[in-house]
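Chemist: Provided herewith is a single structure, encoded as structure tokens, for subsequent inquiry.
Residue numbers (our numbering): 32 to 269.
See below:
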């Protein structure tokens with residue numbers, strides 16, 4: 032089974048200060064490219080790591096235009112909510128958000144905490160768990176890195192929107208290290224939120240993946256140096 036993972040699209044109707052182009056037009060082309068890559072790679076599912084929108088109340092016109100693009104995806108799109116998708120860092124406000132609207136229209140399939148989905152292909156059975164962003168996800172709520180693995184599952188994928196990093200960061204910012212949260216009950220961790228990303232890292236028995244934000248929001252040196260990308264993950268029974 033094959034997945035295309037992308038994250039942190041930060042859809043908005045205006046351009047960040049540091050952008051010289053028309054951000055909205057550039058992002059539309061990127062979304063089209065994601066769709067085309069998925070078709071070329073013959074993926075079974077798309078997965079979005081959160082922060083679909085730059086704010087929960089993006090203009091209806093913008094939501095409509097981008098929603099139309101996502102409706103052209105031929106395979107289902109699974110998603111979790113990021114901090115920019117909700118009000119007050121509270122996933123319970125999804126019903127008032129534009130991500131919630133697109134979910135009701137079946138453009139996206141939201142994976143909520145403690146509500147994993149199961150996808151099957153022949154003799155392969157995959158559990159996909161979601162840990163959406165909450166304010167203290169990298170402090171008091173680190174249990175969100177350890178969702179329960181169901182019985183008779185071949186592979187377990189966790190999608191999480193958090194400050195999950197490969198090495199120590201700024202002390203004043205809450206974060207979690209891969210080596211601290213690795214869990215043998217999870218085969219693959221797909222993380223969003225950290226825009227720079229770290230590609231793919233295998234730690235013990237778990238593969239950690241963060242391709243970085245699909246778009247550059249700031250003009251920081253790491254952002255200028257990196258190339259926005261998606262990740263293709265192929266999962267089999269072995």
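Just so it is clear, CB atoms sit at the ideal spot from N, CA and C, and this is done for glycine as well.
Values in this document were obtained by computation on a predicted structure and should not be read as measured data.
Kindly provide the ranges of any alpha helix (DSSP H) runs that are 4 or more residues long and lie completely inside the segment 104 to 141, ordered along the chain.
Modeler: 129 to 135
Chemist: State the start and end residues of the unbroken beta strand (DSSP E) segment that holds residue 156.
Modeler: It spans 155 to 162 - the beta strand (DSSP E) in which residue 156 sits, taken as one unbroken run.
Chemist: Which partner residues does residue 265 have in the DSSP bridge list?
Modeler: Looking at the DSSP output, residue 265 bridges to 33.
Chemist: According to the neighbour-count rule (16 or more other Cβ atoms, all chains shown, within 10 Å of its Cβ), is residue 128 buried or exposed?
Modeler: buried
Chemist: Can you tell me whether residue 88 is buried or exposed? The criterion is at least 16 other CB atoms within 10 Å of its CB, across all chains shown.
Modeler: exposed
Chemist: From what residue to what residue does the beta strand (DSSP E) around residue 152 run?
Modeler: If you look at residue 152, you'll find it in the beta strand (DSSP E) that goes 148 to 152.
Chemist: In its own chain, which residues sit with a C-beta less than 6 Å from the C-beta of residue 118, not counting the 5 before and 5 after it?
Modeler: 87 and 124
Chemist: Does the segment 245 to 264 touch the segment 36 to 51, meaning 3 or more C-beta pairs lie closer than 8 Å?
Modeler: Pairwise C-beta distances place the segment 36 to 51 in contact with the segment 245 to 264, as three or more of them are shorter than 8 Å.
Chemist: Taking only the alpha-carbon atoms, compute the straight-line gap between residue 94 and residue 36 and give it to the nearest angstrom.
Modeler: 21 Å
Chemist: Identify the continuous alpha helix (DSSP H) that holds residue 252 and give its terminal residues.
Modeler: 252 to 256
Chemist: Skipping 5 residues on each side, what residues in its chain have a beta carbon closer than 6 Å to that of residue 188?
Modeler: 159 and 219
Chemist: Helix or strand or just coil, what does DSSP make of residue 216?
Modeler: coil
Chemist: Residue range of the beta strand (DSSP E) that residue 233 falls in?
Modeler: 230 to 234
Chemist: What residue range does the beta strand (DSSP E) around residue 240 cover?
Modeler: It spans 237 to 241 - the beta strand (DSSP E) in which residue 240 sits, taken as one unbroken run.
Chemist: Taking only three categories from DSSP, how would you classify residue 76?
Modeler: DSSP places residue 76 in the strand class (E or B) of the three-state scheme.
Chemist: Quick one, are the C-beta atoms of residue 137 and residue 157 less than 8 Å apart?
Modeler: no
Chemist: Considering Cα atoms alone, identify which of 266, 267, 264 and 260 is closest to residue 39.
Modeler: 260
Chemist: Between residue 246 and residue 108, what straight-line distance do the alpha-carbon atoms span, to the nearest angstrom?
Modeler: 19 Å
Chemist: Short of 6 Å in beta carbon distance, which residues of its chain neighbour residue 177, apart from the five on each side in sequence? Order them along the chain.
Modeler: 214
Chemist: Let me know if residue 122 comes out buried or exposed under the rule of 16 or more other beta-carbons within 10 Å of its beta-carbon.
Modeler: Burial of residue 122 is indicated by the presence of at least 16 other C-beta atoms within 10 angstroms of its C-beta.
Chemist: Going by beta carbon distance, what residues of the same chain come within less than 7 Å of residue 102, once the five residues before and after it are set aside?
Modeler: 138
Chemist: DSSP three-state call for residue 179: helix, strand or coil?
Modeler: coil
Chemist: In whole angstroms, what is the alpha-carbon distance linking residue 205 and residue 44?
Modeler: 30 Å
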